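Novice: Numbering (the numbering used here), first residue to last: 316 to 535.
Built from N, CA and C at the ideal position, the CB exists for glycine as well.
This one's a predicted model, so the numbers in the text were calculated from it and none came from an experiment.
Below is a structure I'd like to ask you about.
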Amino acid sequence: MINTFEYARYLCRLAAVKPRRYANLFREIRGNRCRRMLEVGTYDGRHAAQMIQTAGIFHPRDRVEYAGFDLFELLTDDKLNKEFSKRPPDISTVRSRLERTGARISLYQGDTRTILPRVKDDLGQFDLIFIDGGHSEETISSDWNAVKGLMRDGTVVLFDDYYKDPAPELQGIGCRSLVEGLDRDMYEVKVLDPTDEFDKEWGVLKVNFVKVTKKPGGKL
């Protein structure tokens with residue numbers, strides 16, 4: 316049964332979301348009726364709450380599960396600059412926001428290059444995995460290597476920060492290198508529209524989401 320109130324909120328969300336590429340996140344949750352979701356890069360929890368609300372179109376809130384990873388207040392100035400990141404609130408603030416949704420919330424604090432490999436075997440498989448944490452190629456590669464084992468047939472993995480026409484200023488950051496190296500015999504890979512464009516001192520930054528799914532019969 317569809318929750319018509321949540322569906323109406325979803326339609327309003329699609330119309331208003333900015334940057335526009337984030338509409339893909341909510342479309343995939345609705346289209347695949349996702350219930351268990353993992354996000355690398357929870358930040359302030361705003362997108363997480365919207366993910367949960369979108370899952371609520373098809374599932375009671377107390378059955379929706381969300382696992383989120385971030386450094387929260389442990390983010391140092393050095394890490395912030397290296398990862399091309401934004402400074403998140405403290406974990407207690409984000410937990411309070413997400414617990415108000417009524418979903419089952421699990422938040423993990425720390426560097427995902429350390430914490431994700433440590434806890435992945437306890438997480439189970441997910442309907443949707445959203446990788447939008449540290450922006451360095453090393454961190455994105457580590458996050459992918461940790462979460463790809465949490466996929467099953469039908470799991471959608473979304474990457475943010477696929478940079479079209481990358482400028483020299485973007486060297487070493489973003490998911491483009493990883494995405495282009497994925498085995499197409501094992502994975503379906505699609506760069507999703509729309510492209511968001513931002514004016515920078517060095518030119519125009521063009522950013523897309525990328526969708527990755529496991530091909531039937533493909534072994535992880």
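Quick one: complete alpha helix (DSSP H) runs, 4+ long, within the region 383–452?
Specialist: 392–397, 406–414 and 427–434
Novice: What number of angstroms, rounded off, separates the C-alpha of A370 from the C-alpha of G346?
Specialist: Going by the C-alpha atoms only, they are around 10 angstroms apart.
Novice: Where does N318 sit, in a helix, a strand or coil, going by DSSP?
Specialist: coil
Novice: Assuming the contact rule is C-beta atoms closer than 8 angstroms, D476 and V355 should be a hit. Round their C-beta distance to whole Å, please.
Specialist: Their Cβ separation, rounded to whole angstroms, is 12 angstroms, which puts D476 and V355 out of contact at 8 angstroms.
Novice: Heavy atom of the ligand GTP less than 7 angstroms from the Cβ of R348, yes or no?
Specialist: Among the components modelled here there is no ligand, and therefore nothing to report on the ligand GTP.
Novice: Under DSSP, the alpha helix (DSSP H) around M501 begins and ends at which residues?
Specialist: Taken as a continuous stretch (DSSP letters only), M501 belongs to no alpha helix (DSSP H), as it is neither H nor E.
Novice: Taking Cβ positions, are I446 and L473 nearer each other than 8 angstroms?
Specialist: yes
Novice: Between N460 and E414, what straight-line distance do the alpha-carbon atoms span, to the nearest angstrom?
Specialist: 29 angstroms
Novice: Would a C-beta distance cut-off of 8 angstroms place K465 and L353 closer than the cut-off?
Specialist: The residue asked about is misnamed: residue 465 is Leu in this sequence, not Lys. Against a cut-off of 8 angstroms, the Cβ pair of L353 and L465 comes out as a contact.
Novice: In angstroms, rounded to a whole number, what distance separates the CA positions of P375 and A482?
Specialist: 45 angstroms
Novice: Could you work out which residue in D385, A330, S421 and T319 is closest to L438 when comparing CA atoms only?
Specialist: S421
Novice: Could you tell me the boundaries of the beta strand (DSSP E) in which E354 lies?
Specialist: R351 to V355
Novice: Pick out whichever of I367, G532 and F384 has its Cα sitting closest to the Cα of D377.
Specialist: Proximity to D377 across I367, G532 and F384 peaks at I367, based on C-alpha coordinates.
Novice: On the DSSP letters alone, give me the boundaries of the beta strand (DSSP E) that F474 sits inside.
Specialist: V471 to K479
Novice: Tell me the rounded alpha-carbon separation between L443 and R348.
Specialist: About 10 angstroms.
Novice: Excluding sequence positions up to five away, which residues of its chain have a Cβ less than 7 angstroms from the Cβ of D480?
Specialist: K521
Novice: Return yes when the Cβ of V525 is within less than 8 angstroms of the Cβ of V494, no when it is not.
Specialist: yes
Novice: For W517, I'd like the list of residues in its chain whose CB is within less than 7 angstroms of its CB, leaving aside the five on either flank, ordered along the chain.
Specialist: A482 and E484
Novice: Assign V494 to one of three DSSP states: helix, strand, or coil.
Specialist: helix
Novice: Measuring CB to CB, does Y381 end up less than 8 angstroms from A331?
Specialist: no
Novice: Cutting at 8 angstroms between CB atoms, please list the residues of its own chain near E343, excluding the five before and the five after it.
Specialist: C349, L443, V471, L473 and K526
Novice: What does the alpha-carbon distance come out to for the pair K515 and E388?
Specialist: 28 angstroms
Novice: Could you tell me how far apart the beta carbons of Y322 and H362 are, in whole angstroms, since I believe they sit closer than 8 angstroms?
Specialist: About 19 angstroms; that fails the 8 angstroms criterion.
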